[in-house]
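This report concerns only the one structure given below.
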């Protein structure tokens, strides 16, 4: 019997996959626990509509990431921090602070998890960080750290 999995089932497949199972396994285990539905015309149409919707949503997210990349990429983000006489900052600059500064200076909301700071920023000067905005959309951001 062909069924459409509603959740990930160990040893069977992932959510949204169409798999062949024995009739008894489907009727006695998968259907009562709502782990799968029969692969009839209506359910197949719903599955294809859901996949099309997810693909469209991903495409919109990618377009938004490209727009943010074009707006931010060749600009310099200026961060003003407290620093000692030797040019070292009090604490390091985190991706959270960078995300907040991007929102203030450029008006774009970027998730702090998408900002990749390879080495901690602990001194005054210029730095380049990567931002992985979406799958395949990577932006390099130039940061200028100055003393207050």
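In this note's numbering, the protein residues as written are 49 to 196. Here a beta-carbon is modelled for each residue, glycine too, at the ideal position from N, C-alpha and C.
Keeping to the same chain, check which residues put their C-beta closer than 6 Å to that of residue 74; ignore five residues upstream and five downstream. Cβ within range, chain order: 49, 51.
State the start and end residues of the unbroken beta strand (DSSP E) segment that holds residue 68. Where residue 68 is concerned, the enclosing beta strand (DSSP E) stretches over 66-68.
In chain order, which beta strand (DSSP E) runs of at least 3 residues are fully inside the segment 72-150? For the segment 72-150, whole beta strand (DSSP E) runs of length 3 or above, ordered along the chain, are 84-86, 124-129, 136-141.
So what does DSSP say about residue 180, is it helix, strand or coil? In this structure, residue 180 counts as strand in the three-state DSSP scheme.
Determine the DSSP secondary structure at residue 157, reduced to helix, strand or coil. Correct three-state label for residue 157: coil.
Only counting the same chain, and skipping five residues up and downstream in sequence, which positions put a Cβ closer than 8 Å to that of residue 183? Excluding residues within five positions, the ones whose Cβ falls inside 8 Å are 110.
Reference residue 58; option with closest CA among 72, 78, 71: Of 72, 78, 71, the residue nearest in Cα terms is 78.
Sequence-distant residues of the same chain with beta carbon closer than 6 Å to residue 190, five excluded per side: Excluding residues up to 5 positions away in sequence, 124, 176 lie with their Cβ nearer than 6 Å to the Cβ of residue 190 in the same chain.
Per DSSP, the bridge partner or partners of residue 59: DSSP lists no bridge partner for residue 59.
For residue 100, count neighbouring Cβ atoms within 10 angstroms of its own Cβ and tell me buried if that reaches 16, exposed if not. So residue 100 ends up on the exposed side.
What is the DSSP secondary structure of residue 162, counted as helix, strand or coil? Three-state DSSP puts residue 162 in a helix.
Report the rounded CA-to-CA distance for residue 156 versus residue 85, giving the unit in angstroms. One C-alpha to the other measures close to 42 Å.
Anticipated Cβ contact below 8 Å, residue 130 with residue 196, distance rounded: Between residue 196 and residue 130 the Cβ distance is about 6 Å, and since that is below 8 Å, they are a contact.
My understanding is that residue 164 touches residue 180, with C-beta atoms under 8 Å, so please give their C-beta distance in whole angstroms. Their Cβ separation, rounded to whole angstroms, is 6 Å, which keeps residue 164 and residue 180 in contact under 8 Å.
Please go through the same chain and pick out, in chain order, the residues whose beta-carbon is closer than 6 Å to the beta-carbon of residue 62, but skip the five residues on each side of it. Counting only Cβ-Cβ distances below 6 Å, and skipping sequence neighbours, we find 56.
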